[in-house]
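Chemist: Residue numbers (the working numbering), protein chains in the order written: chain A, 1 to 200; chain B, 1 to 200.
Here it is: the structure, laid out below.
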DNA sequence: CTTGTATTATGTCAGGCGTATGAAAACAGA
DNA sequence: TCTGTTTTCATACGCCTGACATAATACAAG
């Protein structure tokens with residue numbers, strides 16, 4: 001009976017506008033009015049698709065996570081089958097760094113969301129679950145490679161997993177021009193190369 | 001002629017109140033009124049010491065950096081003289097992690113400030129300079145240890161420096177309960193142990 | 001004590017915010 | 001065409017913000 005508008009598509013359009021704001025002006029500037037202006041819609045229209053600011057932010061964040069996953073999946077398809085775990089880990093790490101414009105936008109969204117989550121138990125639990133899932137995935141990869149002898153047996157899987165996760169710290173360093181993207185990639189490359197069959 | 005009040009001391013008192021707010025409620029909640037309430041002073045009084053919100057934030061941030069440096073210096077004094085570069089690096093890294101309440105407060109201040117700096121060229125340059133200084137210090141330690149044969153000669157000093165800086169990424173992981181503080185410490189310990197005379 | 005300056009207290013202001021309301025417009029079915 | 005629902009839009013309310021202005025107070029020097 002009603003007008004036919006793709007709800008989901010509209011929300012994604014708005015979410016992308018939100019990314020642009022967060023990317024260029026920061027999380028706090030992402031107000032309802034500002035997002036509406038950036039998306040080229042009226043405030044009322046935006047309210048029709050997101051009944052509250054919080055709902056909008058949550059959606060934009062989940063959408064950003066989805067996009068990041070999609071980028072990783074796309075990269076995985078381009079790897080050898082089956083891919084070498086070292087290449088998988090390198091892909092995951094590099095796709096989380098703000099190297100290209102779209103990755104930068106989602107990276108900044110993530111940074112802002114994480115900061116927000118520190119003071120909001122609900123968000124903290126949600127973000128924590130997602131990250132722990134990611135950790136579990138990396139951990140599984142490491143353990144499998146350890147079993148397969150691709151990693152020297154004297155390496156502790158838990159510690160190596162945590163070290164790899166910590167390398168996401170490069171994101172901040174790149175954003176602030178403390179290390180060049182190229183240098184971060186080289187360091188990640190080096191770390192993984194040393195982990196996989198370093199001293200064998 | 002006037003009343004005798006230690007300006008600096010008063011500003012630090014206010015800065016600590018600001019830390020408490022940022023720690024518990026987040027950067028955006030750190031309004032003039034909220035900080036004044038937390039510090040137990042009137043709004044006008046606060047405005048007397050900080051003519052603008054931005055000035056207050058900058059001061060609180062510089063003060064936080066000072067406090068972190070002081071913690072490191074205090075730890076350095078407790079080390080062997082001259083200290084082993086491995087121990088120095090471990091100290092620097094661990095003091096930047098949110099392990100104790102005061103370290104957590106300054107860590108959260110830093111996280112919020114860095115996020116803000118991403119969208120403000122002035123702040124970005126300022127924060128960038130500080131971080132690059134830190135990078136240079138770590139780099140010098142690495143190169144010296146390399147010369148002294150404490151680090152295997154096949155290690156690249158620039159890459160190793162960046163890898164160590166990236167380990168500050170543990171701060172976020174700890175905040176979100178993705179890795180236990182104990183595990184982060186173990187990982188840092190392991191990484192440094194492997195760097196210093198790993199395969200010799 | 002008087003004076004002058006540092007400090008404290010209080011009030012006001014315009015502006016931006018999230019949200020709510022209600023009516024107009026668009027449109028698919030009967 | 002008529003009907004009912006979705007979508008659009010403008011406006012308004014209440015709240016909070018940073019900032020500014022102004023008045024009251026405290027206190028050291030002369």
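Think of the CB as a built atom: it goes at the ideal place given N, C-alpha and C, for glycine as much as any other residue.
Are any of the Cβ atoms in chain B nearer than 8 Å to that of residue 57 (chain A)?
Modeler: Residue numbering aside, residue 57 (chain A) sits at position 57 when the first chain is read from its first letter. Cβ-Cβ to chain B under 8 Å: no for residue 57 (chain A).
Chemist: Suppose you measure from the CA of residue 102 (chain A) to the CA of residue 134 (chain A); what does that come to, to the nearest Å?
Modeler: For the purposes of this step, residue 102 (chain A) is taken as residue 102 along the first chain, with counting starting at 1. For the purposes of this step, residue 134 (chain A) is taken as residue 134 along the first chain, with counting starting at 1. Spanning the two alpha carbons is a distance of roughly 21 Å.
Chemist: Using the Cα positions of residue 139 (chain A) and residue 10 (chain A), report the straight-line distance between them to the nearest angstrom.
Modeler: Within the first chain, residue 139 (chain A) is the residue found at index 139, counting from 1. Within the first chain, residue 10 (chain A) is the residue found at index 10, counting from 1. Cα to Cα, residue 139 (chain A) sits roughly 37 Å from residue 10 (chain A).
Chemist: Rounded to a whole number of angstroms, what is the C-alpha to C-alpha distance between residue 178 (chain A) and residue 128 (chain B)?
Modeler: Taking the first residue of the first chain as 1, we reach residue 178 (chain A) at position 178. Taking the first residue of the second chain as 1, we reach residue 128 (chain B) at position 128. Those two C-alpha atoms are separated by around 6 Å.
Chemist: Output the boundary residues of the alpha helix (DSSP H) element that contains residue 107 (chain A).
Modeler: What you label residue 107 (chain A) is simply residue 107 of the first chain in a count that begins at 1. Per DSSP, residue 107 (chain A) belongs to the alpha helix (DSSP H) from 101-117.
Chemist: At a cut-off of 7 Å, would you count residue 86 (chain A) as near the ligand FAD, judging by its Cβ distance to the nearest heavy atom?
Modeler: Among the components of this structure there are no ligands whatsoever, and the ligand FAD is therefore not found.
Chemist: Give me the Cα-Cα distance between residue 234 (chain B) and residue 153 (chain B), rounded to the nearest whole angstrom.
Modeler: Residue 234 (chain B) lies beyond the stretch modelled for chain B, which goes from 1 to 200, so this question has no answer here.
Chemist: Which whole-angstrom value is the C-beta distance of residue 196 (chain A) and residue 86 (chain A), which I expect to be below 8 Å?
Modeler: For the purposes of this step, residue 196 (chain A) is taken as the residue at position 196 of the first chain. For the purposes of this step, residue 86 (chain A) is taken as the residue at position 86 of the first chain. Confirmed, about 5 Å.
Chemist: Using a Cβ cut-off of 8 Å (strictly closer), state whether residue 135 (chain A) contacts chain B.
Modeler: Here residue 135 (chain A) corresponds to residue number 135 of the first chain, with the count starting at 1. It does; some Cβ of chain B falls within 8 Å.
Chemist: Would you call the stretch 160-178 of chain A and the stretch 178-193 of chain B touching, i.e. three or more CB-CB distances under 8 Å?
Modeler: Yes, the stretch 160-178 of chain A is in contact with the stretch 178-193 of chain B.
Chemist: Alpha carbon to alpha carbon, what distance is there between residue 142 (chain B) and residue 166 (chain B)?
Modeler: To locate residue 166 (chain B), count along the second chain from 1; it is residue 166. To locate residue 142 (chain B), count along the second chain from 1; it is residue 142. Straight-line Cα distance between these residues: approximately 15 Å.
Chemist: Taking 8 Å as the threshold (C-beta atoms), are residue 56 (chain A) and residue 63 (chain A) in contact?
Modeler: For the purposes of this step, residue 63 (chain A) is taken as the residue at position 63 of the first chain. For the purposes of this step, residue 56 (chain A) is taken as the residue at position 56 of the first chain. No.
Chemist: Whole angstroms is fine: what's the gap from residue 82 (chain A)'s alpha carbon to residue 92 (chain A)'s?
Modeler: Counting from one through the first chain, the residue named residue 82 (chain A) turns up at place 82. Counting from one through the first chain, the residue named residue 92 (chain A) turns up at place 92. If you take the alpha carbons of residue 82 (chain A) and residue 92 (chain A), they lie about 16 Å apart.
Chemist: With DSSP run on the structure shown, which of helix, strand or coil describes residue 96 (chain B)?
Modeler: Reading the second chain from its first residue, position 96 is the one you call residue 96 (chain B). Residue state, collapsed to three classes: coil.
Chemist: For the structure I just gave you, are there three or more beta carbon pairs, one from the stretch 105-125 of chain A and one from the stretch 59-73 of chain A, closer than 8 Å?
Modeler: Touching, per the Cβ criterion.
Chemist: Please state the DSSP three-state secondary structure of residue 2 (chain B).
Modeler: Counted from its first residue, the second chain places residue 2 (chain B) at position 2. With a pLDDT of 49 at residue 2 (chain B), under the threshold of 50, the modelled position of that residue is not reliable, and the figure given next carries that caveat. In the structure shown, residue 2 (chain B) sits in coil (DSSP, three-state: anything other than H, G, I, E or B).
Chemist: Using a C-beta to C-beta distance shorter than 8 Å, which residues of chain A count as neighbours of residue 170 (chain B)?
Modeler: Within the second chain, the letter at position 170 stands for residue 170 (chain B). The answer, in chain order, is 162, 166, 169.
Chemist: Taking a Cβ distance cut-off of 9 Å, strictly less, list which residues of the stretch 25-38 of chain A are near chain B, in chain order.
Modeler: Here the close residues are 25, 26, 27, 28, 29.
Chemist: Starting from the Cα of residue 26 (chain B), find the closest Cα among A:150, A:112, A:189, A:146 and give me that residue.
Modeler: As a first step, residue 26 (chain B) is located in the second chain; it is residue number 26 there, counting from the start. Checked all of A:150, A:112, A:189, A:146; the closest Cα to residue 26 (chain B) is A:112.
Chemist: With a threshold of 8 Å between beta carbons, is residue 128 (chain B) in contact with chain A?
Modeler: Stepping through the second chain from its first residue, residue 128 (chain B) is reached at position 128. True, the Cβ-Cβ gap to chain A drops below 8 Å.
Chemist: Please work out which residues of its chain come closer than 6 Å, Cβ to Cβ, to residue 18 (chain A), disregarding the five sequence neighbours upstream and downstream, and give them in chain order.
Modeler: Here residue 18 (chain A) is taken as the residue at index 18 of the first chain, counted from 1. The answer, listed in chain order, is 30, 35, 60.
Chemist: In whole angstroms, what separates the C-alpha of residue 46 (chain B) from that of residue 145 (chain B)?
Modeler: Numbered from 1 along the second chain, position 46 holds the residue referred to as residue 46 (chain B). Numbered from 1 along the second chain, position 145 holds the residue referred to as residue 145 (chain B). Residue 46 (chain B) and residue 145 (chain B): Cα-Cα distance of roughly 48 Å.
Chemist: Could you check if residue 115 (chain B) is buried or exposed, using at least 16 other CB atoms within 10 Å of its CB as the buried criterion?
Modeler: In the second chain, residue 115 (chain B) corresponds to position 115, counting from 1. Result: buried.
Chemist: Residues of chain B with CB under 9 Å from residue 124 (chain A), in chain order?
Modeler: As a first step, residue 124 (chain A) is located in the first chain; it is residue number 124 there, counting from the start. Per Cβ cutoff of 9 Å: 175, 176, 177.
Chemist: Any idea if residue 169 (chain A) is buried or exposed, counting beta-carbon neighbours within 10 angstroms, 16 or more meaning buried?
Modeler: Here residue 169 (chain A) corresponds to residue number 169 of the first chain, with the count starting at 1. The residue in question, residue 169 (chain A), is buried, as its Cβ has 16 or more Cβ neighbours within 10 Å.
Chemist: Under the rule that 16 or more other beta-carbon atoms within 10 Å means buried, what is residue 122 (chain B), buried or exposed?
Modeler: Within the second chain, the letter at position 122 stands for residue 122 (chain B). Classification for residue 122 (chain B): exposed.
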